[in-house]
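See below for the structure under consideration.
Protein chains: 2
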Amino acid sequence: MSLDETVMKPHDRLSAHLAGDMERVNVLIRERMASEHAPRIPEVTAHLVEAGGKRLRPLLTLAAARMCGYDGPYHVHLAATVEFIHTATLLHDDVVDESKQRRGRPTANLLWDNKSSVLVGDYLFSRSFQLMVETGSLRVLDILANASATIAEGEVLQLTAAQDLRTDEDIYLKVVRGKTAALFSAATEVGGVIAGAPEDQVRALFTYGDALGIAFQIVDDLLDYGGATETIGKNVGDDFRERKLTLPVIKAVAKASDEERAFWRRVIEKGDQREGDLEHAMELLARHGAMEGARADALRWSAHAKDALSALPDHPLRTMLSDLADFVVARVS
Amino acid sequence: MSLDETVMKPHDRLSAHLAGDMERVNVLIRERMASEHAPRIPEVTAHLVEAGGKRLRPLLTLAAARMCGYDGPYHVHLAATVEFIHTATLLHDDVVDESKQRRGRPTANLLWDNKSSVLVGDYLFSRSFQLMVETGSLRVLDILANASATIAEGEVLQLTAAQDLRTDEDIYLKVVRGKTAALFSAATEVGGVIAGAPEDQVRALFTYGDALGIAFQIVDDLLDYGGATETIGKNVGDDFRERKLTLPVIKAVAKASDEERAFWRRVIEKGDQREGDLEHAMELLARHGAMEGARADALRWSAHAKDALSALPDHPLRTMLSDLADFVVARVS
Numbered sequence: 000m001s002l003d004e005t006v007m008k009p010h011d012r013l014s015a016h017l018a019g020d021m022e023r024v025n026v027l028i029r030e031r032m033a034s035e036h037a038p039r040i041p042e043v044t045a046h047l048v049e050a051g052g053k054r055l056r057p058l059l060t061l062a063a064a065r066m067c068g069y070d071g072p073y074h075v076h077l078a079a080t081v082e083f084i085h086t087a088t089l090l091h092d093d094v095v096d097e098s099k100q101r102r103g104r105p106t107a108n109l110l111w112d113n114k115s116s117v118l119v120g121d122y123l124f125s126r127s128f129q130l131m132v133e134t135g136s137l138r139v140l141d142i143l144a145n146a147s148a149t150i151a152e153g154e155v156l157q158l159t160a161a162q163d164l165r166t167d168e169d170i171y172l173k174v175v176r177g178k179t180a181a182l183f184s185a186a187t188e189v190g191g192v193i194a195g196a197p198e199d200q201v202r203a204l205f206t207y208g209d210a211l212g213i214a215f216q217i218v219d220d221l222l223d224y225g226g227a228t229e230t231i232g233k234n235v236g237d238d239f240r241e242r243k244l245t246l247p248v249i250k251a252v253a254k255a256s257d258e259e260r261a262f263w264r265r266v267i268e269k270g271d272q273r274e275g276d277l278e279h280a281m282e283l284l285a286r287h288g289a290m291e292g293a294r295a296d297a298l299r300w301s302a303h304a305k306d307a308l309s310a311l312p313d314h315p316l317r318t319m320l321s322d323l324a325d326f327v328v329a330r331v332s
Numbered sequence: 000m001s002l003d004e005t006v007m008k009p010h011d012r013l014s015a016h017l018a019g020d021m022e023r024v025n026v027l028i029r030e031r032m033a034s035e036h037a038p039r040i041p042e043v044t045a046h047l048v049e050a051g052g053k054r055l056r057p058l059l060t061l062a063a064a065r066m067c068g069y070d071g072p073y074h075v076h077l078a079a080t081v082e083f084i085h086t087a088t089l090l091h092d093d094v095v096d097e098s099k100q101r102r103g104r105p106t107a108n109l110l111w112d113n114k115s116s117v118l119v120g121d122y123l124f125s126r127s128f129q130l131m132v133e134t135g136s137l138r139v140l141d142i143l144a145n146a147s148a149t150i151a152e153g154e155v156l157q158l159t160a161a162q163d164l165r166t167d168e169d170i171y172l173k174v175v176r177g178k179t180a181a182l183f184s185a186a187t188e189v190g191g192v193i194a195g196a197p198e199d200q201v202r203a204l205f206t207y208g209d210a211l212g213i214a215f216q217i218v219d220d221l222l223d224y225g226g227a228t229e230t231i232g233k234n235v236g237d238d239f240r241e242r243k244l245t246l247p248v249i250k251a252v253a254k255a256s257d258e259e260r261a262f263w264r265r266v267i268e269k270g271d272q273r274e275g276d277l278e279h280a281m282e283l284l285a286r287h288g289a290m291e292g293a294r295a296d297a298l299r300w301s302a303h304a305k306d307a308l309s310a311l312p313d314h315p316l317r318t319m320l321s322d323l324a325d326f327v328v329a330r331v332s
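Residue numbers (numbering that gives the first Met the number 0), protein chains in the order written: chain C, 0 to 332; chain W, 0 to 332.
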């Protein structure tokens with residue numbers, strides 16, 4: 000590791016270490032999002048794919064495969080696959096959430112229309128499907144099929160669970176796996192599978208991705224209620240205004256008095272929000288230790304991710320993945 | 000064949016002949032559309048799946064497999080797969096077209112919301128993906144991945160091509176393959192593949208499904224401009240009012256005078272439709288022989304489908320598939 004690398008964020012170190020592979024992933028992505036007859040497809044996709052997303056999921060796949068000694072060509076296909084799946088879910092999410100901005104730019108549904116977002120999302124799913132079939136690995140296909148079902152089920156579950164005060168931490172975990180962790184864990188697991196890694200390493204890669212994704216999402220929930228330990232750019236209260244039952248709220252609702260429960264019912268279930276409600280909600284989160292509880296959960300998932308890595312070969316990439324698990328929770332720890 | 004069967008429509012004869020298999024398909028469909036945690040999924044899906052669709056696509060898969068001597072279990076999985084893909088595309092289509100009715104009932108996007116239609120569609124795609132992985136056949140996965148890409152590309156193409164007077168018959172065919180024929184041809188082809196049929200039979204099954212699907216769609220276009228040779232229930236002029244460039248219109252535009260072209264530009268491209276325009280459009284279709292031309296195309300595709308069947312084993316199901324190709328064009332011939 001160069002001196003430069005030691006002061007870089009773990010994600011940037013992964014990017015630097017895997018720059019050659021990642022360039023091949025980008026070439027493949029551009030090649031496969033082309034469509035001879037439907038120019039709308041590369042227009043919409045490029046808007047999102049070229050918008051400077053962090054490419055975290057493909058990096059996880061590449062890192063897992065390389066760490067397990069893979070030197071074939073198909074980790075590139077799988078990295079492109081997970082990025083296509085991710086992009087397709089973003090397109091559909093923006094339609095579902097009626098979002099106006101993504102990565103600081105207007106969303107595709109705003110620039111074009113909902114139709115284009117739905118259909119181009121479907122196109123990317125089908126392209127990702129073709130890419131994974133090219134690897135010729137039925138086990139990879141099985142993992143990605145199951146991840147796709149978990150993602151889709153989690154998204155539907157979120158539709159009904161997000162504003163239902165009966166949502167408990169078990170359901171929360173299912174939603175979070177659907178939203179984030181299932182694609183993280185599939186990304187790392189298929190990297191190990193394509194490399195022919197031993198079973199205990201494949202399991203460890205799954206566990207790492209799953210725990211990292213959950214930690215990532217809990218931190219996102221915390222930041223939305225101002226849980227950062229340093230200044231960040233994020234607006235406080237977006238989830239509250241969108242009436243989302245995130246982990247801190249679920250913890251506070253579990254300990255709520257009758258009066259507090261009536262408050263949550265009004266602001267989350269009924270969506271009747273008034274001046275001062277956000278501040279009152281944050282008071283309730285503090286009163287019941289909900290922020291500290293969620294923070295402890297995030298740190299526990301991060302530690303679980305790092306522990307899993309001990310089953311994997313000693314490798315510079317393993318250190319970076321471990322540092323990444325620290326980095327994900329750094330803003331709240 | 001019983002005496003009863005000779006007076007039944009070919010589709011009903013297929014259903015009767017394959018009733019045992021089809022019952023297993025229905026059991027599998029109900030089992031796989033269940034979701035323990037997201038009850039919205041079976042609600043939305045049942046609304047569509049149980050609504051008495053004709054189940055034509057799964058029947059094609061079962062017929063192809065049985066005709067080629069298959070006696071394993073996986074034709075049932077593949078039949079459920081194509082029905083799930085079909086249902087998922089209907090859910091997304093209704094969002095894209097802002098439809099209010101499907102199979103005589105309110106659409107899911109109207110009963111629930113667009114979000115549910117998008118996400119439950121995604122869920123069904125992922126479930127279909129799991130079902131096909133269970134067959135363990137990479138070739139089947141390859142065929143269905145390619146069909147999915149053709150379907151999605153055709154749908155996007157239709158967004159831009161449907162109201163563009165430059166759309167020619169080549170582009171029309173691509174859109175029709177995406178809308179209809181790609182899933183028909185994949186349905187028949189995978190039936191042959193899972194049965195281990197010889198290559199020439201697999202090719203013949205693809206050709207049959209492709210040609211049948213194209214004939215089916217051209218007939219649909221004709222009926223919309225009153226091309227039926229007997230009375231049918233369908234409203235005339237829906238495609239016209241929705242400004243769709245269907246085959247008869249494409250043929251009439253290709254032969255249009257400058258004045259006629261201005262008319263088509265106004266009513267299709269600009270959507271400025273007035274009293275009497277539908278009647279004038281139908282006059283132009285008649286003037287340029289566009290209805291006769293499209294009718295001849297439908298009959299040619301139907302004949303092509305029947306010809307392909309000659310490569311397949313002599314079998315009662317082969318006769319039914321041949322009769323089905325006749326039946327599809329019977330209303331316009």
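All C-beta atoms in this analysis are idealised placements derived from N, C-alpha and C, irrespective of residue type, glycine included.
Who are the near neighbours of residue i in its chain, counting only those whose CB is closer than 8 Å to its CB and skipping five residues on each side?
i, result
"Q157 (chain W)", "V174, G177 and K178"
"D341 (chain W)", "Given a span of 0 to 332 for chain W in the structure shown, any question on residue 341 (chain W) remains unanswerable."
"G153 (chain C)", "K173, V174, V175, R176, G177, K178 and A181"
"H10 (chain C)", "K53, L55, L58, L323 and F326"
"E133 (chain W)", "Y73 and H76"
Could you confirm whether any beta carbon from chain C is found closer than 9 Å to the beta carbon of residue i?
i, result
"G343 (chain W)", "No answer is possible for residue 343 (chain W): the residues shown for chain W start at 0 and end at 332."
"V119 (chain W)", "yes"
"S256 (chain W)", "no"
"R126 (chain W)", "yes"
"V132 (chain W)", "yes"
"Y122 (chain W)", "yes"
"A148 (chain W)", "yes"
List, in chain order, every chain W residue whose beta-carbon is nearer than 8 Å to that of residue i.
i, result
"I40 (chain C)", "E152 and V155"
"K114 (chain C)", "V94, V95 and L158"
"I170 (chain C)", "H36"
"K173 (chain C)", "H36"
Determine whether the Cβ of residue i lies closer than 9 Å to any Cβ atom of chain W.
i, result
"L164 (chain C)", "no"
"L140 (chain C)", "yes"
"M0 (chain C)", "Unreliable placement is indicated for M0 (chain C), whose pLDDT of 36 sits below 50; no coordinate value is reported for it."
"H76 (chain C)", "no"
Along chain C, which residues have their Cβ under 7 Å away from the Cβ of residue i?
i, result
"N145 (chain W)", "Q129"
Kindly list the residues whose CB is nearer than 6 Å to the CB of residue i, restricted to its own chain and excluding five residues on each side of it in sequence; keep chain order.
i, result
"I213 (chain C)", "V175, A180 and W300"
"E198 (chain W)", "none"
"V266 (chain C)", "Q272 and D276"
What does residue i touch in chain W if you count any residue whose Cβ is under 7 Å from its own?
i, result
"H10 (chain C)", "Result: empty, since nearest Cβ-Cβ is about 28 Å, beyond 7 Å."
So, for residue i: in the same chain, excluding its five sequence neighbours on each side, which residues have a beta-carbon less than 7 Å away from its beta-carbon?
i, result
"P41 (chain C)", "M32, A33 and S34"
"A194 (chain C)", "A64, C67, G68 and Y69"
"S136 (chain W)", "V192 and I193"
"R317 (chain W)", "M66, L308 and L311"
"N108 (chain W)", "D93, V94 and S116"
"M290 (chain W)", "L221, Y224, G226, P247 and L284"
Below 8 Å on C-beta distance, what does residue i contact in chain C?
i, result
"H91 (chain W)", "V117, L118 and D121"
Are the region 244-256 of chain W and the region 86-93 of chain W touching by the rule of at least three beta carbon pairs closer than 8 Å?
no
Three or more beta-carbon pairs under 8 Å between the region 124-142 of chain W and the region 131-151 of chain C, yes or no?
yes
Does the region 107-120 of chain W come within contact of the region 66-79 of chain W, defined as at least 3 CB pairs closer than 8 Å?
no
Would you call the region 236-246 of chain W and the region 312-328 of chain W in contact, with 3 or more CB pairs under 8 Å?
no
Counting Cβ pairs closer than 8 Å, one from the region 156-172 of chain W and one from the region 264-284 of chain W, do we hit at least three?
yes
Examine the Cβ distances between the region 202-210 of chain C and the region 300-320 of chain C and report whether three or more of them are shorter than 8 Å.
yes
Is the region 53-61 of chain C touching the region 72-81 of chain C, taking contact as three or more C-beta pairs under 8 Å?
yes
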